[in-house]
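Numbering (full-length UniProt numbering), first residue to last: 1 to 979.
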């Protein structure tokens, strides 16, 4: 072969074999037909040698692109890939006389494959839908090297060549005489094939089996082709179907209307001939291999396509197909064995054994504990996250929120018997607190019920047990009916029921009386009051007074004047002005203005000030919570310079507006009264400081009652000592103000604070006297290992109080003292004591071993324990020494001082009721919250082998609980109020 002459195509290296033989045959035949003759001709034609280097070598990767393509599609693919490599060089390096314009007829770019597929404005919408807005050389290389995108590019090329041809002059070109001999009539140069390919490609061939003639499209036909391409993905494709083998089926009545399932890319969509409304799927591979003739690969998809999708995902030839974007389920073990990595038995045991049940349990536990929506498992992003970690875990997740709801109900039914069992094993009686709660819209009401007890391990528990919906009137009888039903569900009987800790609402008194009538106990003894609620009432009186006895005036006229003065002071005094200023800051503009005033005030602070550049917001008080006023006043003192600057800005602006209005003879603009005052003076801030100091003891008492986890804090044993402290503080403060002459001169302090102090002291004494209604308060104090002598010393000057309370205590102790002694549980045989040891013990402790002596009298001689001793653990350790007294002590000392746990329940309930859950059923809502709190308390413990064995089926639960209704009327559940 001569030097510089290219080798013919037949001398190229042999191609690597590929699995799809038809693809190899199609591609090789196309290249041979279109290339070999041209190669042989160009070997003799020097004018064509420059383009021969653009002929493609059929590698294994190229042949794989031709798999499952028809001969016509392979022709288009060869054309696309050939032009991709050589067309640009052909246009610019060769002179083609017949090409008069290299520009696209619809744009300004050159007529190249890259322009056609990536840039031409004619096919912008179609291109963005198919190729996801591609750009650049990498996108073109990706399109023509990816099998799925190649098929789309071929289809786009087949539709688009008619509307975007290579520009060729309509006049035939008469070439000049050449010294070279013309080629034989049956041969064609590469250039001539390029010119002739466009009209051939523009011809739209009829579909297989069609009786229509082959037509070359006109410009109108080209527009129709573009229009028909829109929503072409909804069309059914019946290429290769033999209706003679499907005599029972026909085409469906209509094509897809909205969305076409991915399964129809791999099968035919047909309808039953005798009932065209029933749609079936016929697998391409099974039909081609005639398995459908025996009923394999045919699935009814009228209602769902899941059966057909499972068929396509089967691990057998021609299948192993999953939905786009879905990760095929595979295990680490299979991946390693496929890669022929040796695995020992120990490693295999660690890798394998994925527990679907344990994963589902943990997934729902995570979902409920973190307050995620039930539909979280449906989101594609979450499923992708899990699939990356473990495809088996992603496959184990539910795909429908209703299934998650059913699982939560089953989990609730599984956990409830465990809660009932622990309640039955408690070392104390079970105390109950409950409170009503209503949504802001008033459309739903709930009753939170919490159990307080000491479990068998000696741990104090505050466990929410139920959250029933409260329908009808919230009367005491209705509350009692609901509570009795819950007590029965959790096997809390008259023998195991303890005390009720409730707020001061009158319907709670009625409810306890109704429950006592059913369970036969003394309602006055068992009905205890929430400590923080009582403190709240005292704080309200301290802030706003409203008690005739607190004015310290005897005349009726003077009393009326005093009431009018104090009412005016509340509205326009220092506290009223401060609250008006704080509440006026409620818009973004006002917040920005206040922040600016705060920064201005900070610039005047010393350089070493701790609060410099710390931007704070004022605290808005809640009308029903006195402690919110305390927090508001404390923050206001901290922001006093900024509040003064902010108020002065408004006062000055209002003054300017008033002057202008007066000069124009117009009405003054509307403004709050404080904007036409002098603002807050130093004396006003002193009043605010005085109220903070007066309210501070109430703040400490509230924390003492609510601090459930800190030793004895939050227990009923704190009530009497805390009330004694509060009364002492209020009396001392009032005694200080009684020495002040309030009308001595203009700058003398006003008497509003002593008036409010007297009102608060009257309310505190009222509720302190009510502690005598139940012996539990006194019993809790004297059974506390540190407070056992507190009442004897605090009430030394009140012997009547001591006598009455000791009498009530002895009556209560008699109920426990008469109980039979429990049998001691020995872990080993007891050692027989020595007679000498008995004699020595009798001399050291004469009362030791004397079973006739009263346990309480014997315990009173025990030394007082140090500060910080947990009374529950103290008595838990004395069960063997004082069996009956310890049982009484554990019962009494486990009574909470407040019902604030119910408010914590409602706070979490407000988080659950987001706008996404406005129509969730009350039963499912209760199950979600109960599972959340029970799992947090340790129930379940991960031992869930028998979990899910609910007595109800999914259908029965759906009917009973009405699970999750996701479309319905808004219920304003994203906000809530206390009921």
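Even for Gly, the Cβ is constructed at its ideal location relative to N, Cα and C.
- Going by DSSP, residue 283 is part of the beta strand (DSSP E) stretching over 279–283.
- Membership of residue 495 in any alpha helix (DSSP H) is not indicated, and neither H nor E is assigned to it by DSSP.
- DSSP places residue 268 within a strand segment (E or B) once states are collapsed to three.
- Within the same chain, and ignoring the five residues on either side of residue 472 in sequence, the residues whose Cβ sits closer than 8 Å to its Cβ are 478.
- For the set 627, 602, 670, 661, the Cα lying nearest the Cα of residue 644 is the one of 602.
- Boundaries of the alpha helix (DSSP H) around residue 778: 776–783.
- Remark: fewer than three beta-carbon pairs, one from each stretch, lie closer than 8 Å, so the region 301–310 and the region 285–293 are not flagged as touching.
- Here residue 655 is exposed, its C-beta having fewer than 16 other C-beta atoms within 10 Å.
- Annotation: the continuous beta strand (DSSP E) that includes residue 454 extends over 445–454.
- Residue environment analysis places residue 887 among the buried positions, since at least 16 neighbouring C-beta atoms fall within 10 angstroms of its C-beta.
- Contact between residue 716 and residue 640 does not hold, since their C-beta atoms are separated by about 40 Å, which reaches or exceeds 8 Å.
- DSSP places residue 640 in the uninterrupted alpha helix (DSSP H) bounded by 640–664.
- Along the length of the region 855–908, whole alpha helix (DSSP H) runs at least 4 residues long occupy 855–859, 871–876, 883–893, reported in chain order.
- Setting aside the 5 residues that flank it on each side, residue 356 is surrounded in the same chain by 396, each with a C-beta closer than 7 Å to its C-beta; the list follows chain order.
- The residue among 875, 882, 872, 871 with its C-alpha nearest the C-alpha of residue 857 is 882.
- Under the 8 Å Cβ criterion, the region 445–455 does not count as touching the region 510–522, having fewer than three qualifying pairs.
- Under the 8 Å Cβ criterion, the region 522–541 does not count as touching the region 669–680, having fewer than three qualifying pairs.
- The beta carbon of residue 574 lies closer than 7 Å to those of 680, 684, 687, 688 in the same chain, with the five residues before and after it left out.
- Secondary structure of residue 715 (DSSP, three-state): strand.
- Under the three-state reduction of DSSP output, residue 320 falls in the coil class, being neither helix nor strand.
- With contacts defined by Cβ atoms closer than 7 Å, residue 154 and residue 73 form a contacting pair.
- When DSSP states are grouped into helix, strand and coil, residue 436 belongs to the strand group.
- Of 582, 531, 768, 377, the smallest CA-CA separation from residue 650 is found for 582.
- Distance from the CA atom of residue 141 to the CA atom of residue 237, rounded to whole angstroms, is 28 Å.
- Residue 415 and residue 940 have their C-alpha atoms some 6 Å from each other.
- Assignment of beta-bridge partners to residue 112 by DSSP yields no partner.
- Within the same chain, Cβ atoms closer than 7 Å to the Cβ of residue 733 are found at 694, 757, the five residues on either side in sequence being excluded.
- Residue 64 carries a helical assignment under DSSP once its states are collapsed to helix, strand and coil.
- Taking residue 820 as reference, the option from 772, 802, 884 with the minimal CA-CA separation is 884.
- Counting only residues of its own chain and dropping the five nearest sequence neighbours on each side, residue 376 has a CB closer than 7 Å to the CB of 367, 382.
- For the 7 Å CB-CB criterion, residue 704 and residue 724 do not form a contact.
- Closest in C-alpha terms to residue 690, from the list 764, 751, 306, comes 751.
- For residue 513, DSSP records no beta bridge to any residue.
- DSSP places residue 529 in no alpha helix (DSSP H) but in the uninterrupted beta strand (DSSP E) bounded by 527–529.
- Residue 934 and residue 461 have their C-alpha atoms some 11 Å from each other.
- The C-beta separation of residue 434 from residue 902 comes to about 6 Å, placing the pair in contact by the 8 Å criterion.
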